[in-house]
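Working notes for the structure below.
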Amino acid sequence: MVSWRKSLYGVWISELFTLIGFNFVLPFLPYYIQQLGITDMKEVSLWAGLLVSAPSLTLIASAPIWGIVADKIGRKFMLIRAIFFGALILFLMGLARNVQQLLILRLFQGL
């Protein structure tokens with residue numbers, strides 16, 4: 001097998017499992033919002049919608065920038081950077097004291 005194909009499959013598999021891990025938190029998000037002090041179910045629904053869509057919004061804006069940086073620095077380094085900072089942000093999400101902090105972290109997760 002050609003070496004670039006091995007690298008492609010390795011990156012694809014690592015990214016697949018990384019995204020699965022990062023998105024594993026989504027079903028538990030409404031319960032976490034309630035733990036952070038939001039008790040009205042309509043507000044929980046609103047915050048859950050905001051928190052689920054926030055990373056996608058920042059990803060739309062930042063993806064072209066990261067693509068340009070990846071072309072200059074290298075894709076492997078960018079993948080490692082993304083996985084490391086994604087894990088760090090997930091850790092910080094567990095330490096959030098209110099929903100606003102959680103929203104800011106979710107926005108950074110998209111970056």
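Here the sequence shown stands for residues 1 to 111, where the numbers follow the numbering used here.
All C-beta atoms in this analysis are idealised placements derived from N, C-alpha and C, irrespective of residue type, glycine included.
Just so we're clear, the structure is a prediction, and the values are computed from it rather than from any experiment.
If you follow the alpha helix (DSSP H) that residue i is in, where does it begin and where does it stop?
i          : result
residue 23 : 3–23
Relative to the C-alpha of residue i, which candidate in the options has its C-alpha closest?
i          : options        : result
residue 50 : 97, 22 and 26  : 26
residue 87 : 100, 72 and 21 : 21
Tell me whether residue i is buried or exposed, calling it buried when 16 or more other Cβ atoms sit within 10 Å of its Cβ.
i           : result
residue 44  : buried
residue 106 : buried
residue 102 : buried
residue 35  : exposed
residue 4   : exposed
Problem set entry | Continuous alpha helix (DSSP H) assignments of at least 4 residues falling wholly in the region 25–107 | 29–35, 41–73 and 75–94
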